[in-house]
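Each remark here refers to the structure printed beneath this line.
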Ligand SMILES: [Fe+2]
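Residue numbers (this note's numbering): 2 to 268.
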């Protein structure tokens with residue numbers, strides 16, 4: 002993809018998102034639109050770091066940038082229509098994102114193969130797992146956006162947890178799970194077995210933290226794991242866990258997994 006096209010997409014995106022702000026008429030909408038607009042900017046930055054580390058050529062790096070810019074394009078209409086970002090309560094925002102790309106015809110002037118990659122990457126960026134029948138090149142870009150997205154979501158959730166614990170009473174966002182000083186055995190087991198946990202089986206805030214730790218097993222590229230290590234995301238999450246042997250054990254397991262992945266012989 003040409004650099005000019007990415008720049009056009011960036012401009013289109015800014016104008017598109019601007020249309021969702023109510024300029025103070027609806028504070029809930031404005032705050033939440035801002036959240037996703039800022040998230041998108043940061044995912045673009047994470048993507049730049051990843052594609053530089055992976056030494057992608059300029060055309061592919063541009064394609065990856067376009068995927069980062071568009072990955073959450075469904076969020077804005079989702080929030081406007083349903084006033085929530087919870088997919089189970091509203092709509093699959095990846096599917097909606099792909100619909101918007103088609104409806105707005107923003108990729109009609111690019112190579113059809115690249116258009117399909119972007120539509121697929123947007124569709125599946127947040128799914129629990131990727132479909133197995135993707136061709137290698139499409140899967141590659143899907144994996145890139147999934148990693149870049151996770152890097153920013155990790156940072157964001159750590160920040161939210163810290164704000165919550167600093168003052169639970171004034172924490173402004175919805176807290177989805179009970180703040181009980183325990184972890185569930187099946188969640189600990191899943192992490193130790195490198196398995197994904199069904200969102201519906203999370204019972205406490207600390208379970209949710211363990212699930213976040215387990216995300217590392219779903220990270221596709223070493224430079225993304227390196228970002229996680231550099232930023233000490235896992236240590237920060239581990240610091241939120243209750244002082245229980247099984248919680249410690251799961252955290253240590255995950256931290257050691259990342260360390261072993263980043264040993265020089267694996268590079
Ligand atoms: Fe998303």
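All residues carry an ideal CB built from backbone N, CA and C; glycine is no exception.
Simplified DSSP state of residue i, which is helix, strand or coil
i           : result
residue 215 : helix
residue 199 : coil
residue 160 : helix
residue 63  : helix
residue 22  : coil
residue 246 : helix
residue 224 : helix
residue 187 : helix
residue 56  : coil
residue 178 : coil
residue 171 : helix
residue 151 : helix
residue 43  : helix
residue 72  : coil
residue 241 : coil
residue 3   : coil
residue 27  : coil
residue 263 : coil
residue 49  : helix
residue 9   : helix
Residue i Cβ short of 7 Å to ligand 1 heavy atom set
i           : result
residue 72  : yes
residue 150 : yes
residue 94  : yes
residue 126 : yes
Own chain partners of residue i with C-beta closer than 7 Å, once the 5 adjacent residues on each side are dropped
i           : result
residue 146 : 68, 69, 72, 122 and 126
residue 43  : 153
residue 111 : 2 and 6
residue 55  : 222 and 224
residue 78  : 97 and 101
residue 238 : 159, 210, 213 and 214
residue 65  : 48, 52, 57, 142 and 145
Contacts around residue i, its chain only, beta-carbon distance under 8 Å, and the 5 residues preceding and following it disregarded
i           : result
residue 4   : 59 and 63
residue 156 : 43, 232 and 234
residue 120 : 99, 102, 103 and 108
residue 220 : 148, 151, 226 and 229
residue 30  : 21, 22, 23, 80, 81 and 84
residue 189 : 211, 247, 248, 250 and 251
6 Å Cβ shell around residue i - same chain, five flanking residues per side excluded
i           : result
residue 85  : 91
residue 76  : 37 and 94
residue 195 : 218
residue 169 : none
Practice item. For the segment 78 to 141, list the alpha helix (DSSP H) runs that are entirely contained and at least 4 residues long, ordered along the chain. Key: 94 to 105 and 113 to 125
Exercise for review: Could you tell me whether the segment 204 to 216 touches the segment 173 to 182, where touching means 3 or more Cβ pairs closer than 8 Å?
Suggested key: yes
Review point. Can we say the segment 180 to 192 touches the segment 242 to 253, given the rule of at least three CB pairs closer than 8 Å?
Key: yes
Check your understanding: Are the segment 212 to 219 and the segment 186 to 202 touching, with three or more C-beta to C-beta distances below 8 Å?
Key -> yes
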